Amino acid sequence: MSAKTLYDKLWDSHLVQQRDDGSALIYIDLQLLHEVTSPQAFEGLRMAGRKPWRISSSLATPDHNVPTTKKERISGVEGIEDPVSKIQVTTLDDNCNEFGITEFNMKDIRQGIVHVVGPEQGATLPGMTVVCGDSHTSTHGAFGALAHGIGTSEVEHVLATQCLVQKKSRNMLVRVDGELSPWVSAKDVVLAIIGAIGTAGGTGYAIEFGGTGIQSLSMEGRMTVCNMAIEAGARVGLIAVDDTTIEYVKGRPYAPKGEHWDMAVEAWKDLVSDKDAQFDEVVVIKAEDIKPQVTWGTSPEMVIAIDEAIPRAEDQTDPVKKEGYARAWKYMGLEGKTTLADVTLDRVFIGSCTNSRIEDLRIAADVVKGRKVASSLKQAIVVPGSGLVKAQAEKEGLHHIFEEAGLEWREPGCSMCLAMNADKLGAGEHCASTSNRNFEGRQGFGGRTHLVSPAMAAAAAIAGHFIDVNELVKH
Amino acid sequence: MRPFTKHTGLAAPLDLANVDTDMIIPKQFLKSIKRTGFGKNLFDELRYQDEGQPDQPCEGRPLREEFVLNQPRYAGSSVLLARQNFGCGSSREHAPWALDDYGFRSVIAPSFADIFYNNCFKNGLLPIVLESEEVDQLFAEVSAKKGAQIVIDLEAQTVTSPSGTEFSFLVDNFRKHCLLNGLDDIGLTLQQEDSIRRYEEKRMNEAPWLFLSREH
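Protein chains in written order, with our numbering: chain Z, 1 to 475; chain V, 1 to 216.
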């Protein structure tokens with residue numbers, strides 16, 4: 001038998017039917033649902049008189065629209081002030097009740113961002129296929145699972161048939177060799193990768209992340225890396241299973257137990273690419289070369305190390321890039337600025353499916369501890385990824401550290417990552433954000449997003465502008 | 001789903017690379033629980049000067065005159081010419097819904113983001129990948145002549161430029177079949193029920209932990 005990549009193995013073990021034209025029917029083990037991309041899918045089922053194929057394969061929680069202030073959260077869904085958001089969240093509750101799907105609703109401590117909740121509960125397991133109507137589903141690939149975002153029609157298709165019509169992607173390996181420098185995190189690694197291969201560099205590929213720079217990451221860090229595979233154009237990001245993976249999964253509420261656990265662990269050990277496996281593309285990055293990263297423009301590939309000068313449109317040779325850079329410079333209001341330290345920040349956001357897990361919050365707290373948020377800042381908020389992350393952080397006293405430093409401590413949800421709730425940027429405001437997209441208007445109409453790691457966001461909150469976190473902690 | 005066979009229509013050139021789904025349909029409009037009505041907010045931030053709100057009528061909102069869809073010569077266009085990596089970003093199917101609701105039947109670009117490309121086919125919207133030089137030629141011809149029309153023939157897999165140059169494009173057989181006939185692919189997949197059940201039986205033996213029922 002020929003050597004296989006991890007992606008090949010996952011694909012083969014879920015193949016229900018191969019078709020002549022290269023497309024295939026793939027079996028789906030877990031579908032995560034949230035309020036934004038599911039209502040039309042449930043409506044479709046109802047209109048066709050169809051029932052979900054296997055309800056135990058679905059898990060739902062509202063996240064995109066939910067408010068994050070205590071005041072609005074105290075009375076659950078009834079407390080949502082925006083009537084349109086309220087309808088969407090209520091619709092998810094109603095649909096889950098009607099079809100018998102497990103939902104962690106707004107009053108459940110397990111509620112949170114789907115991509116935080118799935119792994120936290122052990123619902124996401126190695127070797128699974130995982131889908132969700134959200135492009136950041138690639139997050140779950142950190143567990144050696146085949147996970148990707150789908151559209152609403154496909155959400156309905158999976159509910160009705162437990163399958164998806166797919167075409168196999170090509171294999172790419174991104175290897176990060178060596179050891180990461182102090183304060184350089186998973187977020188810096190993935191931003192550096194996107195900077196190197198571009199936002200379309202992974203289009204058509206499933207990217208496996210490997211090498212010592214990846215293996216040394218915690219599961220939280222690995223999820224951050226896979227989360228942003230989609231920002232490099234790849235629907236799927238993957239990391240091989242090792243002891244770190246198995247240790248994380250063990251004992252989680254939905255993880256297998258007893259005899260099943262032993263069986264599962266045995267099977268999961270094979271979830272690595274074979275030694276001689278062939279990749280269609282290999283990219284190698286040296287861990288030592290990665291410095292803290294900050295995006296300067298309106299696409300995640302517009303990223304530089306903190307000590308670099310902002311690249312100028314006139315220095316670009318490719319006409320499309322030149323025009324894109326000029327547009328980004330104008331939108332981001334960079335005229336007269338040389339480095340990102342020259343940008344005065346208005347807001348700081350620590351949260352999102354990329355960076356709202358307990359490790360992220362510990363790192364941010366470590367940076368702000370005993371310091372004060374710059375007085376020039378309008379707002380700095382910390383939004384935990386789930387009710388359980390919030391509870392853990394409070395147990396460790398992190399919320400006190402944040403509040404004493406002048407950051408707001410919020411309730412779990414997607415929040416300012418995409419500003420579907422009340423947390424958003426005003427026009428022209430600059431934000432240091434631990435989220436995943438810096439598109440025009442993403443965090444609010446006219447808002448200017450700079451993507452960074454939790455440590456860099458925390459440092460920026462203290463300084464009021466971007467600064468290498470290594471510099472800040474020295475003092 | 002509405003079938004797509006042959007289409008002749010006015011083309012609008014959107015000369016911008018990496019158009020993301022937040023540009024196509026900003027997040028505030030994703031709060032709808034319907035599939036229709038997104039057309040008036042297609043490219044909302046590029047099209048209007050103010051910040052649009054859900055349920056707000058768009059008549060009378062200040063327009064960005066320079067935006068391609070606001071130019072009278074492109075009114076009623078049904079083919080969108082675009083640049084590389086069109087539709088990058090989120091998986092929101094609201095993006096193809098908005099393009100469809102506005103009246104577009106096809107988007108032609110040198111490359112598309114995967115999820116967006118896939119979502120188009122579920123909605124009778126045909127995404128066509130052509131070589132960069134071919135797209136350049138279409139941009140040039142469409143910009144040069146008012147009312148320039150493009151002919152798309154899915155059966156023959158060809159795009160004909162206003163001057164009559166024919167370009168061929170690739171499309172998966174299965175997707176083509178579904179689009180030509182307007183087929184709902186859930187119905188087609190359910191015809192494979194036996195294969196799915198057989199797979200499940202085999203898998204339940206190999207990996208029983210994947211099939212445990214969950215307590216509420």
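Where a beta carbon is used, it is the ideal one built from N, C-alpha and C, also for glycine. Computed from a prediction, not measured in an experiment: that's the story for all the values here.
Return the residue from the list Ala393/Z, Ala192/Z, Ile214/Z, Lys250/Z that minimises the CA-CA distance to Glu179/Z.
Ile214/Z
How big is the Cα-Cα spacing for Trp261/Z and Ala255/Z?
8 angstroms
What does the alpha-carbon distance come out to for the pair Ser143/V and Gly202/Z?
32 angstroms
Determine the direct distance from the alpha carbon of Ile150/Z to that of Val382/Z, and round the result to whole angstroms.
29 angstroms
If Gly37/V and Asp101/V are in contact, beta carbons under 8 angstroms, what's the gap, nearest whole angstrom?
7 angstroms
Which ranges does the alpha helix (DSSP H) cover as unbroken runs of at least 4 residues, wholly within the segment 39 to 118 of chain V, from first to last along the chain?
44 to 47, 94 to 102
Is Pro256/Z close to chain V? Criterion is C-beta to C-beta, closer than 8 angstroms.
yes
Determine whether the beta carbon atoms of Ser352/Z and Ser435/Z lie at a separation below 8 angstroms.
yes
With 7 angstroms as the C-beta to C-beta threshold (strictly closer), list the residues of the segment 173 to 193 of chain V near chain Z in chain order.
Asn173, Phe174, Asp185, Ile186, Thr189, Leu190, Gln192
For Pro319/Z, is the classification buried or exposed, using 16 other Cβ atoms within 10 angstroms of its Cβ as the cut-off for buried?
exposed
Leaving aside the five residues before and after Thr90/Z along the sequence, list all residues of the same chain whose C-beta is less than 7 angstroms from its C-beta, in chain order.
Val77
Beta-carbon of Ser433/Z versus every beta-carbon of chain V: anything under 8 angstroms?
no
Residue environment, Ser415/Z, which counts as buried when at least 16 other CB atoms sit within 10 Å:
buried
Within the same chain, show all residues whose beta-carbon is closer than 8 angstroms to that of His216/V, passing over the 5 residues directly before and after it, in chain order.
With a pLDDT of only 41 at His216/V, under 50, the local geometry of the prediction cannot be trusted, and no value is derived from it.
From the DSSP output, which residues share a beta bridge with His148/Z?
Val131/Z
At a CB distance below 9 angstroms, what residues from the segment 410 to 432 of chain Z approach chain V? Give them in sequence order.
Leu418, Ala419, Met420, Ala427
With 16 other CB atoms within 10 Å as the buried threshold, where does Gly133/Z fall?
buried
Mapping the DSSP letters down to three states, classify Cys414/Z as helix, strand or coil.
coil
I need the DSSP call for Arg198/V, collapsed to helix, strand or coil.
helix
Output, in sequence order along the chain, the residues in the segment 18 to 37 of chain Z whose CB is closer than 8 angstroms to any CB in chain V.
Arg19, Asp20, Asp21, Gly22, Ser23, Leu25, Tyr27, Asp29, Val36, Thr37
Would you report the Cα separation of Gln316/Z and Ile113/Z, rounded to the nearest angstrom?
39 angstroms
Since Leu6/Z contacts Gly144/Z with CB under 8 angstroms, what's their CB separation in whole angstroms?
6 angstroms
Counting pairs of Cβ atoms below 8 angstroms between the segment 158 to 165 of chain Z and the segment 18 to 37 of chain Z, do you hit three or more?
yes
Coil, strand or helix - Ile304/Z by DSSP
strand
Proximity to Ile467/Z [Cα-Cα], best of Glu359/Z, Ala287/Z, Thr339/Z:
Thr339/Z
Using a Cβ-Cβ distance cut-off of 8 angstroms, determine whether Val265/Z contacts chain V.
no
List, in order along the chain, the chain Z residues whose C-beta lies closer than 9 angstroms to that of Glu51/V?
Ala427, Gly441, Gly444, Phe445, Gly446
Chain Z contacts made by the segment 76 to 90 of chain V, where a contact means CB separation under 8 angstroms
Arg83, Gln84, Asn85, Cys88, Gly89, Ser90
Pull up the CB-CB distance for Ile246/Z and Cys226/Z, whole angstroms please, since I reckon it's below 8 angstroms.
That belief does not hold up - the Cβ atoms of Ile246/Z and Cys226/Z are roughly 17 angstroms apart, past 8 angstroms.
Since Glu281/Z is in the beta strand (DSSP E), which residue starts that stretch and which ends it?
281 to 286
Please determine if the segment 43 to 51 of chain Z and the segment 400 to 408 of chain Z are in contact, where contact requires at least 3 C-beta pairs separated by less than 8 angstroms.
no
Unbroken alpha helix (DSSP H) run spanning Gly44/Z, endpoints:
39 to 48
Using a Cβ cut-off of 8 angstroms (strictly closer), state whether Glu87/Z contacts chain V.
The sequence shown places Ile at residue 87/Z, not Glu. True, the Cβ-Cβ gap to chain V drops below 8 angstroms.
Grab the span of the beta strand (DSSP E) containing Glu208/Z for me, first residue to last.
205 to 210
Once DSSP output is grouped into helix, strand and coil, what is the label at Asn171/Z?
strand
Put Gly9/V into one of helix, strand or coil per three-state DSSP.
strand
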